[in-house]
Amino acid sequence: MDAYEAVVTKRDIRHYTPDPIPDDLLHKVLQAARMAGSAKNAEANRLIVFRGREVKEALAGCGDYAGWIGSAPVIIGIAAPREALRLFDVGRMAQNMMIVAHAEGLGSCPVTLGHQDRVRAAIGLPDDWEMPMVITLGRPVAEVPDSPLKRRRLPLEELVRHERWS
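For this note's numbering, count along the sequence shown from 1 and bump the result up by 20.
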């Protein structure tokens, strides 16, 4: 699968088989995150890999829409010191991981964690750090249920303007 195909065919996956993710494949996904650019090359973000059932269930209580994430075989947290937190950089790491995961046959989904006090309690994150996003990772189930929110993408003509807004 080339890069363009990986980007345009990737979908967020929330239903996984219980199969474990091989370490070499997880390493490849983490390496993709490491290679993401960062503002001023600061590389302030850190990754935390979660595989244990109890910690994954605790993380499921840290976001308003995260209740389902405990069923993913792997959760990867993206953390940064509060004074260096750049959500754009978090997103770059997340997108790199998700595109590589998709190209390798894995499913993934980004999930925001809005309750940082709960995150700190669940994983021992220092007070001056935040983990605003996690990526779930696993092998997609054969039959993925349709999302009630499923809709078509906007046509390019509605999305793009040239030179001016109007």
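Don't be surprised by glycine CBs; every beta carbon is placed ideally from N, CA and C.
So what's V28 in DSSP terms, helix, strand or just coil?
V28 falls in the helix class under three-state DSSP.
Quick check on R73: does DSSP put it in helix, strand or coil?
In this structure, R73 counts as helix in the three-state DSSP scheme.
Under 8 Å by Cβ, that's how I've got D22 and C129 pegged, so tell me the actual separation to the nearest angstrom.
Between C129 and D22 the Cβ distance is about 23 Å, and since that is not below 8 Å, they are no contact.
Quick one: give me the first and last residue of the alpha helix (DSSP H) that I89 is part of.
According to the DSSP assignment, I89 belongs to no alpha helix (DSSP H), since it is labelled neither H nor E.
Inter-residue spacing [alpha-carbon to alpha-carbon] between A99 and N65
Whole-angstrom Cα-Cα distance: 5 Å.
Residue from V49, R184, A142, I155 whose Cα sits closest to the Cα of E74:
For E74, the closest of V49, R184, A142, I155 by C-alpha to C-alpha distance is A142.
Same chain, Cβ closer than 7 Å to R190, neighbours up to 5 away in sequence not counted
Any question about residue 190 goes unanswered here, given that the chain covers just 21 to 186.
Start-to-end residues for the alpha helix (DSSP H) that takes in G158:
The continuous stretches of alpha helix (DSSP H) do not include G158, which lies in the beta strand (DSSP E) extending over residues 149-158.
Contact check, G87 vs A80 under 8 Å by CB: the rounded distance?
Confirmed, Cβ separation roughly 5 Å.
Tell me which residues share the same chain as H135 and place their Cβ nearer than 6 Å to its Cβ, disregarding the 5 neighbours each side in the sequence.
Within the same chain, H135 has close Cβ partners C82.
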